[in-house]
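Engineer:
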Amino acid sequence: MTLTLTPEQARRVAVRAQLLDARRPVSLVETVDQLTLLQIDPTKAIAPSADLVAWSRLGDAYDHSDLTFALEQERSLVEFSSFVFPMDEIETVLALSPGRIHPTAIEWVEANQRFRTQILARLRADGPLVAGEIEDTAEVPWASSGWTNDKSVLRMIELLNRMGEVAVAGRRGKLRTWDLADRVYPADLQLPSPEEALTVETVRRLASLGIARPGGKESSGGEMLGAGAAGVPCTVAGVDGEWRVDPEALAALEDEFAPRTALLSPFDRLVYNRERALDLFGFEYVLEMYKPAAKRRWGYFALPILHGERLVGKLDAKVDHKAGLLNVFAVHEDFGWTAEIGDAVQAEIEALARWLGVEVTHP
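In my numbering, the protein residues as written are 99 to 461.
Written out as structure tokens, the structure reads:
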């Protein structure tokens with residue numbers, strides 16, 4: 099017989115797996131290892147997403163300098179593409195990355211072999227460098243309808259990064275610095291086969307989510323979202339279709355669940371797969387920063403609100419560092435909150451303001 103979880107059990111599995119119950123992790127590296135990655139996004143309506151995700155788990159113990167130290171000094175974490183990964187997992191990432199590059203991009207690299215060689219030689223001689231310090235000698239300029247159009251140096255470096263030849267060495271302000279991969283990654287790298295790497299990635303992804311749909315569905319950014327064939331097949335009462343649940347999360351269901359309240363980044367993996375959030379939590383969410391203001395329901399960069407094992411609303415707020423304020427425009431309740439929920443959410447908003455070093459103001 100197929101295992102069936104109650105909706106409450108399924109939600110608790112998901113919340114625990116994402117380190118959002120009351121038992122907080124003790125370090126940033128431990129956090130990223132469990133989550134498998136932090137997405138990098140430059141939007142700073144409140145704080146960069148990677149920082150928000152880390153704060154949601156670690157609380158006031160986390161400071162942005164912790165991420166910089168782990169990336170640039172300790173080298174326990176590494177920036178790759180648009181994500182931060184544990185350095186211990188870079189072999190898996192590198193084994194899978196080339197196969198996920200679009201064929202037209204590979205063709206462009208092959209058409210620019212002299213350009214590619216010159217970039218690698220320049221980094222070997224003078225790296226780490228920002229892209230703007232490298233001469234554009236592309237035989238075939240990069241053409242795009244987007245912001246990367248004619249940015250051949252940056253595009254080549256990013257592709258060489260994904261091919262495992264170039265690595266992010268750090269940052270100079272907001273700009274990434276680049277160097278040869280063997281100066282950044284451990285010297286004893288031994289890449290698994292793509293098949294072996296995919297198995298490792300799939301198992302780790304399910305452990306980080308707790309419960310997910312089977313298969314290998316991709317997000318719009320190319321990230322795999324499904325559990326593949328990993329885990330234990332199950333169903334969730336009242337929700338159509340099959341799920342896969344992490345065996346360790348399943349075993350922990352007997353443990354007492356310790357709830358807390360958390361404010362989440364829109365890119366937080368608890369809510370990143372909007373279909374999964376709707377199926378498991380009944381939570382409807384759209385990131386509205388790209389919508390005209392008049393068409394927004396919840397706000398420019400509304401933060402999903404977790405209380406216990408339920409997603410209960412959204413916080414529309416923006417920080418003004420010059421004025422020293424966290425401007426709260428609205429707190430959207432997905433249903434009528436009890437006084438307990440309201441008090442817990444307000445306490446978390448105040449905790450966010452303290453972490454940011456500002457005061458809370460309401461309209």
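The beta carbon of each residue, even a glycine, is placed where N, CA and C say it ideally should be. Bear in mind the structure is a predicted one, so any value in this text is a computation, not a measurement.
Does DSSP put Arg122 in a helix, in a strand, or in coil?
Structural biologist: Here the question's residue 122 lines up with position 24 in the sequence shown. Three-state DSSP puts Arg122 in coil, outside helix and strand.
Engineer: Near Ser306, what residues of its chain come up, given a Cβ to Cβ distance below 8 Å and the 5 sequence neighbours on each side ignored?
Structural biologist: Here residue 306 is taken as the residue at index 208 of the sequence shown, counted from 1. Taken in chain order, the residues that qualify are Ala115, Gln116, Gln132, Leu133, Thr134, Arg367.
Engineer: Count Cβ pairs between the segment 274–290 and the segment 210–228 that sit closer than 8 Å; are there 3 or more?
Structural biologist: yes
Engineer: Please name the residue in Ser179, Asp139, Ile447 whose C-alpha comes closest to that of Arg198.
Structural biologist: Position 100 of the sequence shown, counted from the first residue, corresponds to residue 198. Looking at the Cα atoms, Ser179 is the closest of the given residues.
Engineer: Can you grab the Cα-Cα spacing for the pair Met185 / Ala241, in whole Å?
Structural biologist: As a position in the sequence shown, residue 185 is number 87, starting the count at 1. As a position in the sequence shown, residue 241 is number 143, starting the count at 1. Distance between the alpha carbons of Met185 and Ala241 is about 33 Å.
Engineer: Are Leu169 and Ala152 closer than 8 Å when you measure CB to CB?
Structural biologist: Here residue 169 corresponds to residue number 71 of the sequence shown, with the count starting at 1. Here residue 152 corresponds to residue number 54 of the sequence shown, with the count starting at 1. No.
Engineer: Between the C-alpha atoms of Gly422 and Pro390, what's the straight-line distance to the nearest angstrom?
Structural biologist: To locate residue 422, count along the sequence shown from 1; it is residue 324. To locate residue 390, count along the sequence shown from 1; it is residue 292. Answer to the nearest angstrom: the Cα atoms are 27 Å apart.
Engineer: Express the C-alpha separation of Ala451 and His200 in angstroms, rounding to a whole number.
Structural biologist: Counting from one through the sequence shown, the residue named residue 200 turns up at place 102. Counting from one through the sequence shown, the residue named residue 451 turns up at place 353. Taking the straight line from one Cα to the other gives about 42 Å.
Engineer: For Leu287, does the three-state DSSP call read helix, strand or coil?
Structural biologist: Numbered from its first residue, the sequence shown carries residue 287 at position 189. Note: Leu287 maps to coil in three-state DSSP.
Engineer: Give me the Cα-Cα distance between Gln171 and Val124, rounded to the nearest whole angstrom.
Structural biologist: Looking up residue 171 in the sequence shown gives position 73. Looking up residue 124 in the sequence shown gives position 26. In a straight line, the C-alpha of Gln171 is about 19 Å away from that of Val124.
Engineer: In three-state DSSP terms, what is Asn371?
Structural biologist: Taking the first residue of the sequence shown as 1, we reach residue 371 at position 273. Coil.
Engineer: Considering Cα atoms alone, identify which of Gly308, Gly230, Phe365, Ala143 is closest to Glu321.
Structural biologist: Numbered from 1 along the sequence shown, position 223 holds the residue referred to as residue 321. Nearest to Glu321 by alpha-carbon distance, out of Gly308, Gly230, Phe365, Ala143, is Phe365.
Engineer: Within the same chain, show all residues whose beta-carbon is closer than 6 Å to that of Ala428, passing over the 5 residues directly before and after it, in chain order.
Structural biologist: Here residue 428 refers to the residue found at position 330 of the sequence shown. The answer, listed in chain order, is Asp414.
Engineer: Measure the beta-carbon distance from Pro402 to Lys416 and round it to whole angstroms, keeping in mind my assumption that it falls under 8 Å.
Structural biologist: Reading the sequence shown from its first residue, position 304 is the one you call residue 402. Reading the sequence shown from its first residue, position 318 is the one you call residue 416. Contact flag wrong, Cβ pair sits at about 16 Å.
Engineer: Give the secondary structure of Glu354 by DSSP, where H, G and I count as helix, E and B as strand, and everything else as coil.
Structural biologist: Counted from its first residue, the sequence shown places residue 354 at position 256. Three-state result, Glu354: coil.
Engineer: Taking its Cβ as the centre, do 16 or more other Cβ atoms sit within 10 Å of Thr100, making it buried, or is it exposed?
Structural biologist: On the sequence shown, position 2 is the one that residue 100 refers to. So Thr100 counts as exposed.
Engineer: Going by beta carbon distance, what residues of the same chain come within less than 6 Å of Ala159, once the five residues before and after it are set aside?
Structural biologist: In the sequence shown, counting from the first residue as 1, residue 159 sits at position 61. Excluding positions up to five away in sequence, the list is empty.
Engineer: Can you tell me which of the three DSSP states His467 falls into?
Structural biologist: With the chain represented from 99 up to 461, any question about residue 467 goes unanswered, as that position is not in the structure.
Engineer: List, from N- to C-terminal side, the beta strand (DSSP E) runs of 3 residues or more that fit wholly inside the segment 253–317.
Structural biologist: With a minimum length of 3 residues, the continuous beta strand (DSSP E) runs that stay inside the segment 253–317 are 264–270, 273–278.
Engineer: How long is the line joining the alpha carbons of Glu177 and Ala347, rounded to whole angstroms?
Structural biologist: Looking up residue 177 in the sequence shown gives position 79. Looking up residue 347 in the sequence shown gives position 249. When rounded, the distance between both Cα atoms is 28 Å.
Engineer: So what's Leu135 in DSSP terms, helix, strand or just coil?
Structural biologist: Looking up residue 135 in the sequence shown gives position 37. Leu135: coil per DSSP, three-state reduction.
Engineer: Give me the Cα-Cα distance between Ile379 and Leu175, rounded to the nearest whole angstrom.
Structural biologist: Within the sequence shown, numbered from 1, the residue matching residue 379 stands at position 281. Within the sequence shown, numbered from 1, the residue matching residue 175 stands at position 77. According to the sequence as given, residue 379 is Phe; it is not Ile. Answer to the nearest angstrom: the Cα atoms are 31 Å apart.
Engineer: Ile309 and Val111 - do their beta-carbons sit closer together than 8 Å?
Structural biologist: Locating residue 111 in the sequence shown gives position 13, where the first residue counts as 1. Locating residue 309 in the sequence shown gives position 211, where the first residue counts as 1. A contact, by the Cβ cut-off of 8 Å.
Engineer: Leaving out five residues on either side along the sequence, give the residues of the same chain with a beta carbon under 7 Å from the beta carbon of Arg173.
Structural biologist: For this step, residue 173 is matched to residue 75 along the sequence shown. So the qualifying residues of the chain are Met185.
Engineer: Could you name the residues of the same chain whose beta carbon sits closer than 7 Å to that of Asp248, not counting the 5 residues immediately before and after it, in chain order?
Structural biologist: In the sequence shown, residue 248 corresponds to position 150, counting from 1. Around Asp248: Pro239, Trp240.
Engineer: Which stretch, first to last residue, makes up the beta strand (DSSP E) that contains Phe178?
Structural biologist: Here residue 178 is taken as the residue at index 80 of the sequence shown, counted from 1. Looking at the DSSP string, the run of the beta strand (DSSP E) that includes Phe178 is 175–178.
Engineer: Does DSSP put Arg394 in a helix, a strand or coil?
Structural biologist: The residue you call residue 394 lines up with position 296 of the sequence shown. If DSSP states are grouped into helix, strand and coil, Arg394 belongs with coil.
Engineer: Taking 8 Å as the threshold, find out whether the segment 282–300 comes into contact with the segment 253–267 through three or more Cβ pairs.
Structural biologist: yes
Engineer: So which of Lys142, Glu231, Leu156 has the shortest CA-CA distance to Glu128?
Structural biologist: To locate residue 128, count along the sequence shown from 1; it is residue 30. Nearest in C-alpha terms to Glu128, of all of Lys142, Glu231, Leu156, is Leu156.
Engineer: May I ask which residues mark the beginning and end of the alpha helix (DSSP H) holding Ile439?
Structural biologist: Here the question's residue 439 lines up with position 341 in the sequence shown. Taken as a continuous stretch (DSSP letters only), the alpha helix (DSSP H) holding Ile439 covers 437–454.
Engineer: Please classify His162: is it buried, with 16 or more other beta-carbons within 10 angstroms of its beta-carbon, or exposed?
Structural biologist: Within the sequence shown, numbered from 1, the residue matching residue 162 stands at position 64. It counts as exposed.
Engineer: For Tyr398, collect the residues of the same chain with a Cβ closer than 8 Å to its Cβ; drop the 5 residues on either side in sequence, then sort them by chain order.
Structural biologist: Working through the sequence shown from its first residue, we reach residue 398 at position 300. Here the set comprises Ala143, Glu386, Met387, Ala391, Asp414, Lys416.
Engineer: Look at the alpha carbon of Lys393 and the alpha carbon of Val384, and state the distance between them as a whole number of angstroms.
Structural biologist: Residue 393 sits at position 295 when you count from the first residue of the sequence shown. Residue 384 sits at position 286 when you count from the first residue of the sequence shown. Straight across, the Cα-Cα distance linking Lys393 with Val384 is about 12 Å.
Engineer: Run through DSSP, which three-state label would Asp161 get?
Structural biologist: Numbered from its first residue, the sequence shown carries residue 161 at position 63. Of the three classes helix, strand and coil, the one that applies to Asp161 here is coil, per DSSP.
Engineer: By the DSSP assignment, the beta strand (DSSP E) with Phe181 in it spans what residues?
Structural biologist: Stepping through the sequence shown from its first residue, residue 181 is reached at position 83. Phe181 -> beta strand (DSSP E) spans 181–184.
Engineer: What number of angstroms, rounded off, separates the C-alpha of Glu407 from the C-alpha of Asp119?
Structural biologist: As a first step, residue 407 is located in the sequence shown; it is residue number 309 there, counting from the start. As a first step, residue 119 is located in the sequence shown; it is residue number 21 there, counting from the start. When rounded, the distance between both Cα atoms is 8 Å.
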